[in-house]
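Before any comments, here is the structure.
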């Protein structure tokens with residue numbers, strides 16, 4: 023019954039949103055971008071994430087921390103204490119994770135609307151999914167047009183295992199979805215500052231109802247209750263969708279006829295040419311695209327055998343494969359995917375064994391998704407610098423001696 | 023070349039080791055065993071594992087900590103801070119993980135023996151495997167014959183993702199394995215107390231060379247460098263083999279013609295009838311057997327919908343399926359396996375949705391491996407209380423109100 027009202031799955035190729043915009047000057051592969059050169063001196067971890075691995079994180083602000091490219095390792099899982107953090111407004115008080123099962127979620131747009139406590143939601147079903155979580159602006163630091171927002175490089179992304187109740191099971195338990203609903207709209211439990219119009223700051227996002235197939239209300243991440251920083255006690259998880267849509271501290275879940283009218287949806291997270299204002303007619307940062315980056319070696323390596331590795335994912339569809347170039351894209355070799363396949367929404371570690379003589383190498387990776395979409399060489403700029411997946415900007419220069 | 027000298031893979035059915043021993047009285051399902059009743063008051067975490075999640079652990083001694091049955095969650099991964107710890111002798115000083123890449127491993131039984139640093143080993147290959155890590159004595163607390171050793175219940179086990187270099191790649195890099203080698207023998211880097219015959223305490227274990235197919239020298243666990251407590255900077259990982267064989271702080275790896283003669287191999291970890299001494303002729307605790315246990319609900323539940331879940335694994339082979347009983351084994355229903363299949367050596371979360379009326383239920387799970395081996399109802403005692411996988415003792419009594 024729930025499945026009958028799906029609308030066609032829409033995935034926007036972000037590049038299409040900036041048609042007609044002059045391509046940015048090709049960046050010099052491996053050269054530090056302005057953002058890299060400006061990497062701030064280490065700031066202390068904010069109190070609510072004091073348990074993070076400080077050595078692994080770049081602290082941009084108290085609400086924005088990214089994983090260092092050197093700290094992704096070789097394993098498909100990103101530990102929670104190395105996972106990036108991006109909060110649009112400060113998280114709620116941590117008292118909300120003291121009694122997790124007592125947290126209430128309100129449901130609307132179902133035949134029997136009402137509220138349910140987390141403790142009861144947990145008994146309605148169980149699912150587990152490994153998925154890439156990635157900020158819309160990951161890679162912003164590789165653009166040269168000085169977009170506003172954190173200058174993320176590669177580290178506003180991670181691959182984690184969520185578990186919780188399938189959203190479809192919750193909807194069924196509440197009598198099924200009401201007629202005519204085309205969107206899933208999640209509302210976060212952040213406290214809205216007084217004197218501010220809530221619509222200008224609240225975290226409320228809508229995605230096409232097709233996302234219901236894989237959506238879950240997640241209580242656990244990587245085998246533990248979700249921390250406050252990552253959305254505990256309950257987070258709306260939409261595998262394949264950019265981070266912003268995965269609403270933390272979920273306090274309301276509505277099946278709606280239209281997208282929410284809050285700022286973050288109407289004009290925020292919209293892809294448009296540089297200089298334009300956001301508008302509902304522009305593509306929203308919903309489904310992710312194919313992407314990869316090398317994580318080793320990054321700067322220097324000894325001559326002889328070396329394992330060139332990194333991470334790759336298909337975005338909203340499965341990963342087909344990854345190629346690696348050690349000559350800046352002149353030639354490519356297929357890399358090997360290692361470790362268990364955690365499913366279509368997860369990333370995989372890729373590796374290419376090489377034997378490098380002394381010299382300088384520009385190492386790049388290029389992933390292709392199941393439908394055959396490959397990372398482009400260049401990625402044109404867009405006003406807010408979203409969705410960069412161009413392989414050339416993500417390449418690294420490595421000196422072998 | 024390396025593969026030519028494999029000997030047939032041997033897997034001992036542990037029960038066979040105790041033939042002729044009178045079966046223990048059937049335990050009362052769900053009733054607390056002596057061990058459970060004696061669960062000690064919470065001891066503080068030892069300093070070297072002060073980073074563990076204290077609420078999730080039962081501290082038996084400074085070298086033996088298990089995960090509480092209440093803390094496995096619904097996710098297939100056991101976080102490192104909830105993973106059981108079992109050290110035979112105290113771990114080395116943590117200075118050995120300060121410069122991980124500098125740690126040296128000695129290799130013998132290859133055509134070009136020598137030492138290699140971790141930094142160089144990492145460049146020889148890359149593999150990742152999810153695997154159950156389980157102490158030989160997990161379940162000892164369910165036996166009634168008062169065997170010596172920690173009274174582990176279900177928590178001396180976890181499921182983790184390792185990554186590192188395939189041992190076969192290392193052997194190839196060192197000229198291949200010397201002729202006539204039938205065992206992989208790993209030696210740990212623990213400091214041997216002065217005045218003690220090293221052979222009586224050192225951690226050195228041999229396994230059949232058939233284990234080479236899946237063996238790795240692991241540097242990472244769950245996406246991070248392996249902690250000292252779990253064997254960093256490098257651990258020999260033998261997927262499908264009991265924990266003891268997965269030698270921590272690996273300082274020597276030898277391909278040998280015979281099993282090592284140290285006590286832990288000759289007479290330790292041998293399965294024999296109660297009252298008998300250990301001897302090399304008895305089965306060694308090598309490959310694991312099929313096993314499962316429920317982790318929710320454990321004692322009480324509200325009436326109405328409930329998700330009965332737990333973990334299950336095939337041991338040294340893949341898991342085929344799991345059945346759940348809510349009436350103490352009178353009737354069984356197939357459970358659903360949830361989440362990504364992490365490979366044959368990993369465990370999976372199983373779930374059976376039920377709708378329970380007030381009353382008392384004895385909930386049991388029974389896993390079957392790919393070859394059709396199922397958990398037995400009863401598991402006969404053996405001197406050291408190894409390898410318990412009987413489903414009745416692992417059942418729980420749950421009161422629904």
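Residue numbers (our numbering), protein chains in the order written: chain A, 23 to 423; chain B, 23 to 423.
All C-beta atoms, glycine included, are put in the ideal place defined by N, C-alpha and C.
Contacts that residue i makes with chain B (C-beta to C-beta distance below 8 Å)
i: residue 106 (chain A); result: Under the 8 Å cutoff, chain B gives no residues; its nearest Cβ is about 14 Å from residue 106 (chain A).
i: residue 365 (chain A); result: 362
Backbone CA spacing between residue i and residue j [nearest angstrom]
i: residue 415 (chain A); j: residue 161 (chain A); result: 9 Å
i: residue 270 (chain A); j: residue 90 (chain A); result: 23 Å
i: residue 115 (chain B); j: residue 70 (chain B); result: 9 Å
i: residue 182 (chain B); j: residue 303 (chain A); result: 45 Å
i: residue 389 (chain A); j: residue 177 (chain A); result: 17 Å
i: residue 219 (chain B); j: residue 376 (chain A); result: 45 Å
i: residue 327 (chain A); j: residue 282 (chain B); result: 33 Å
i: residue 149 (chain B); j: residue 421 (chain B); result: 45 Å
i: residue 109 (chain B); j: residue 78 (chain A); result: 29 Å
i: residue 252 (chain B); j: residue 88 (chain B); result: 13 Å
i: residue 268 (chain A); j: residue 184 (chain B); result: 28 Å
i: residue 405 (chain A); j: residue 207 (chain A); result: 25 Å
i: residue 403 (chain B); j: residue 312 (chain B); result: 17 Å
i: residue 191 (chain B); j: residue 197 (chain B); result: 10 Å
i: residue 175 (chain B); j: residue 318 (chain B); result: 15 Å
i: residue 385 (chain B); j: residue 97 (chain B); result: 20 Å
i: residue 372 (chain A); j: residue 344 (chain A); result: 7 Å
i: residue 118 (chain B); j: residue 187 (chain B); result: 19 Å
i: residue 153 (chain A); j: residue 224 (chain B); result: 42 Å
i: residue 337 (chain A); j: residue 412 (chain A); result: 14 Å
i: residue 260 (chain A); j: residue 334 (chain A); result: 19 Å
i: residue 418 (chain A); j: residue 211 (chain B); result: 37 Å
i: residue 47 (chain A); j: residue 164 (chain A); result: Unreliable placement is indicated for residue 47 (chain A), whose pLDDT of 35 sits below 50; the coordinate value is still reported in the next sentence. The straight-line gap from Cα to Cα measures roughly 11 Å.
i: residue 226 (chain B); j: residue 94 (chain A); result: 32 Å
Neighbour-count burial assignment, residue i, 16 or more Cβ in a 10 Å radius
i: residue 134 (chain A); result: exposed
i: residue 82 (chain B); result: buried
i: residue 145 (chain B); result: buried
i: residue 167 (chain B); result: exposed
i: residue 124 (chain A); result: exposed
i: residue 38 (chain A); result: In this prediction, residue 38 (chain A) has a pLDDT of 39, which is less than 50 and means its spatial position is unreliable; nothing more can be read from the coordinates.
i: residue 279 (chain A); result: exposed
i: residue 86 (chain B); result: buried
i: residue 309 (chain B); result: buried
i: residue 121 (chain B); result: exposed
i: residue 321 (chain B); result: exposed
i: residue 112 (chain A); result: exposed
Partners in chain B for residue i, counting only beta-carbon separations shorter than 9 Å
i: residue 185 (chain A); result: 95, 96, 97, 98, 360, 361, 371
i: residue 68 (chain A); result: By Cβ distance, chain B contributes nothing, its closest Cβ being about 20 Å from residue 68 (chain A), past 9 Å.
Sheet register partners of residue i (DSSP bridge)
i: residue 128 (chain B); result: B:137, B:274
i: residue 257 (chain B); result: B:240
i: residue 252 (chain A); result: Beta-bridge pairing links residue 252 (chain A) to no other residue.
i: residue 213 (chain A); result: The partner list for residue 213 (chain A) (beta bridge, DSSP) is empty, contrary to what the question assumes.
i: residue 89 (chain A); result: A:79
i: residue 181 (chain B); result: B:154
i: residue 329 (chain A); result: A:375
i: residue 388 (chain A); result: A:345
i: residue 263 (chain B); result: B:309
i: residue 226 (chain B); result: B:209
i: residue 293 (chain A); result: According to DSSP, which records beta bridges pairwise, residue 293 (chain A) is partnered with nothing at all.
i: residue 315 (chain A); result: A:333
Proximal residues of chain A, C-beta to C-beta of residue i below 9 Å
i: residue 328 (chain B); result: 145
i: residue 101 (chain B); result: 101, 102, 244, 245, 246
Where residue i meets chain B, residues with beta-carbon distance less than 7 Å
i: residue 152 (chain A); result: 362
Neighbour list for residue i in chain A, Cβ cutoff strictly below 7 Å
i: residue 148 (chain B); result: 96, 329, 331, 360, 373
Interface flag, residue i vs chain C, CB-CB below 7 Å
i: residue 173 (chain A); result: The structure shown contains no chain C; its protein chains are A and B.
Identify each residue in the segment 238 to 252 of chain B for which the Cβ-Cβ distance to at least one residue of chain A is less than 9 Å, and report them in chain order. 241, 242, 243, 244, 245, 246, 247
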